[in-house]
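Numbering (the working numbering), first residue to last: 62 to 754.
Structure record follows, encoded as structure tokens.
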């Protein structure tokens, strides 16, 4: 209590931090439809009760790229209820707000608008679910920003270089620099960091007096060679990183020993997939900053639906049954029934005394039936718990460990449904299916003109964001470019055309040119939709059940699902209602066309057009000097982190900011090591003092 009184004074920032609220998730589900709304209400109520200075959201406020009217209505209602009022604001904005809020026609913080009465400002970056789309580059957060309820920041317009300009705040003697970077495809951002195309701007004056807080929404865990952002890529002058996008709650700050900053991962406030990471208890954080010291108090959320998950490996129960045991399926079903009952009893014990917790928990039992066992009827099994669990139709998830790979490679016609059902990989996405299909099929049915990455991206835009022309425009654009290449090379015979096309296609794989082609084709599709005046169909009918795991299902599943937390933002997918008989079909859907070199060559030779020039992107490289940091826990009243640095270097007076490059040469190496400590009880601010050598 004494520590709280010490920090709650005129010099202390009080910030409520939360990420990945996923408002509108499963909003039409009879049982879980209100979960995300109830939790947002609890978060905002907590902010008002604790009289915070502002709310900081780390992305994915909305689950869908195009939220429903109900979702927007509920969000606006709650923001108006809790964030508007007569309570005075006790901090000032010192930076150029035209730069900080450059995506709105009202480029100033909402509480300084003379037409609004804001008591708790909310600052938010966008995530991969609610990211900007369309020719105007707008997202749902821009609607809230235009209405004056949320301050949307961290939106980067350029794909060639990124300059992150902080929002400079001051409360009493405490100076806070708030940096933000909205979601960007991980591979692209990784490459930009490596090429020193990401720059963080800092105040020139009194650099050692600012507390630097950075909010990011990217993959933190490694999903591939470049499909994540290593912590070592971030600048070492940062004091605290609020990491969004990862759903596992690891809110206790962990120290990066190489960069000497702390990272807090609040995690999601609603379970959007039945995976182990979502089973961690959900929290939000109350961050206090005074001078260069900070303290993070984690606050458990009470309205979150309970989620319990267990793994059962049937091969481990050979003392009870084997695949040859009579009525073995009945014995396996009895074992699963006992396991589910145990989890339900545990959920009931934990729920006692907390009236805000929903009554029916989420239950997931993952059954590994490798070794000759057979799966039983999960629908009949689920009927036993239909009144006791929130997800009765997907309690049981059968999986086999790495038994499908060799069989798939021998098949020409891969069954997508079978591939989805038997793969045990979490977070499978549409583009992953495309890539996996072409990796598993024979050479005769491989793509020869298009690239797998381009096709996967176009299908993702078609499925996730309802861009009906994405596939057709990609095929048209790459066809035109290939035609110009063949014309320039003077290739005329069918055999030479086929060989030259494959060489040209392979030369573009995993290059900037390929990414530019994909982006240009998608922009053309969006522009074509705007020219026609097409509006997206009613997304409410088809998107609310978009799940984040390959193993999730709901009582009324949609025809297609956008999968994976690592994917781009989900959009509404109105399937079939908005189309007309005269609407052109996307070209190149039949894979039999790819297997015929004659048909392919003839179509190319008949469609030669004049080439057009494309501008090449440029890159900017910068560098920065090392900054020293020390940890000081000498404060007697509260465990805090204190970072100090030498005086800033002299700089020219032409600008109030200095550029700080994304990384030094020594930081661009691969093979980044992470601190995997997830002990929530261990407060890193209580550790011994350290100084950077």
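Backbone N, C-alpha and C fix where the C-beta goes; we use that ideal spot for every residue, glycine too.
Check: Which first and last residues belong to the alpha helix (DSSP H) in which residue 515 is found?
Finding: DSSP places residue 515 in the uninterrupted alpha helix (DSSP H) bounded by 513-526.
Notebook entry, point to check: Are the Cβ atoms of residue 192 and residue 129 separated by less than 8 Å?
Noted result: Contact: no.
Check: Can you give the beta carbon distance from residue 190 to residue 125, rounded, assuming they're within the 8 Å contact cut?
Finding: Rounded, the Cβ-Cβ distance is 7 Å, consistent with contact.
Item checked: beta strand (DSSP E) segment containing residue 427, residue limits -> 423-429 is the span of the beta strand (DSSP E), which, as asked, contains residue 427.
Checklist line | Distance between residue 512 and residue 163 (C-alpha atoms, nearest Å) | finding: Annotation: residue 163 to residue 512 spans about 36 Å, alpha carbon to alpha carbon.
Note to self: Buried or exposed for residue 118, going by 16 or more other Cβ atoms inside 10 Å?
What the structure shows: Burial call: buried.
Item checked: Rounded straight-line distance, which links the Cα of residue 247 to that of residue 555 -> Straight-line Cα distance between these residues: approximately 39 Å.
Item checked: residue 90 versus 523, 327, 219 and 333, residue with shortest Cα-Cα distance -> Sorting 523, 327, 219 and 333 by C-alpha distance to the C-alpha of residue 90 places 333 at the top.
Next item on the list: Would you identify the three-state DSSP class for residue 529, choosing helix, strand or coil?
Entry: The answer is coil: DSSP assigns residue 529 none of H, G, I, E or B.
Next item on the list: Apply the 10 Å Cβ neighbour rule to residue 219 and answer buried if 16 or more other Cβ atoms are within range, or exposed otherwise.
Entry: It counts as exposed.
Note to self: Let me make sure I understand the geometry here. Which of 560, 428 and 201 has the alpha-carbon closest to that of residue 390?
What the structure shows: Among 560, 428 and 201, the Cα nearest to that of residue 390 belongs to 428.
Next item on the list: Starting from the C-beta of residue 274, find all residues in its chain whose C-beta is less than 6 Å away, skip the five residues before and the five after it, and write them out in chain order.
Entry: These residues qualify, in order along the chain: 239 and 301.
Next item on the list: Assuming residue 495 and residue 520 form a contact by the criterion Cβ under 8 Å, report the distance between their Cβ atoms to the nearest whole angstrom.
Entry: Cβ-Cβ separation between residue 495 and residue 520: approximately 6 Å, consistent with a contact (criterion under 8 Å).
Checklist line | Status (buried if at least 16 other CB within 10 Å, exposed otherwise) for residue 374 | finding: With a 10 Å radius around the Cβ and a threshold of 16 neighbouring Cβ atoms, residue 374 comes out exposed.
Checklist line | the region 250-261 touching the region 170-189, judged by at least three CB pairs closer than 8 Å | finding: No, the region 250-261 does not touch the region 170-189.
Margin query: Excluding the 5 residues flanking residue 419 on each side, which residues of the same chain have their C-beta closer than 6 Å to its C-beta?
Written below: So the qualifying residues of the chain are 366.
Next item on the list: With DSSP collapsed to three states, give me the class of residue 337.
Entry: In the three-state DSSP reduction, residue 337 falls in the helix class (H, G or I).
Notebook entry, point to check: Do you know how far the Cα of residue 433 is from the Cα of residue 261?
Noted result: Roughly 56 Å separates the two Cα atoms.
Check: Per DSSP, what kind of secondary structure is residue 185 in: helix, strand or coil?
Finding: Strand, per DSSP.
Check: What is the rounded straight-line gap between the Cα of residue 116 and the Cα of residue 543?
Finding: If you draw a straight line from the Cα of residue 116 to the Cα of residue 543, it comes to about 50 Å.
Notebook entry, point to check: Which residues bound the alpha helix (DSSP H) around residue 103?
Noted result: Taken as a continuous stretch (DSSP letters only), the alpha helix (DSSP H) holding residue 103 covers 96-110.
Next item on the list: Answer yes if the region 341-359 comes into contact with the region 83-98, meaning at least three C-beta pairs across the two stretches below 8 Å, and no otherwise.
Entry: Output reads no: the region 341-359 does not touch the region 83-98.
Check: Helix or strand or just coil, what does DSSP make of residue 137?
Finding: Note: residue 137 maps to helix in three-state DSSP.
Notebook entry, point to check: What is the rounded straight-line gap between the Cα of residue 447 and the Cα of residue 402?
Noted result: Approximately 13 Å, taken between the alpha carbons.
Checklist line | Inter-residue spacing [alpha-carbon to alpha-carbon] between residue 140 and residue 560 | finding: Using only the alpha carbons, I get a separation of about 60 Å.
Next item on the list: Starting from the Cα of residue 305, find the closest Cα among 188, 570 and 295 and give me that residue.
Entry: Residue 305 has its Cα closest to that of 188, out of 188, 570 and 295.
Next item on the list: Kindly examine the ligand FAD and report whether one of its heavy atoms sits closer than 7 Å to the Cβ of residue 79.
Entry: The ligand FAD is not part of the structure shown, which contains no ligands of any sort.
Check: In whole angstroms, what separates the C-alpha of residue 160 from that of residue 414?
Finding: Straight across, the Cα-Cα distance linking residue 160 with residue 414 is about 49 Å.
Check: Is residue 473 buried or exposed, if buried means 16 or more other CB atoms sit within 10 Å of its CB?
Finding: Unreliable positioning characterises residue 473 in this predicted model, as indicated by a pLDDT of 45, which lies under 50. A coordinate reading is not provided.
Next item on the list: Note down the Cα distance separating residue 249 from residue 579, rounded to an integer number of angstroms.
Entry: If you take the alpha carbons of residue 249 and residue 579, they lie about 13 Å apart.
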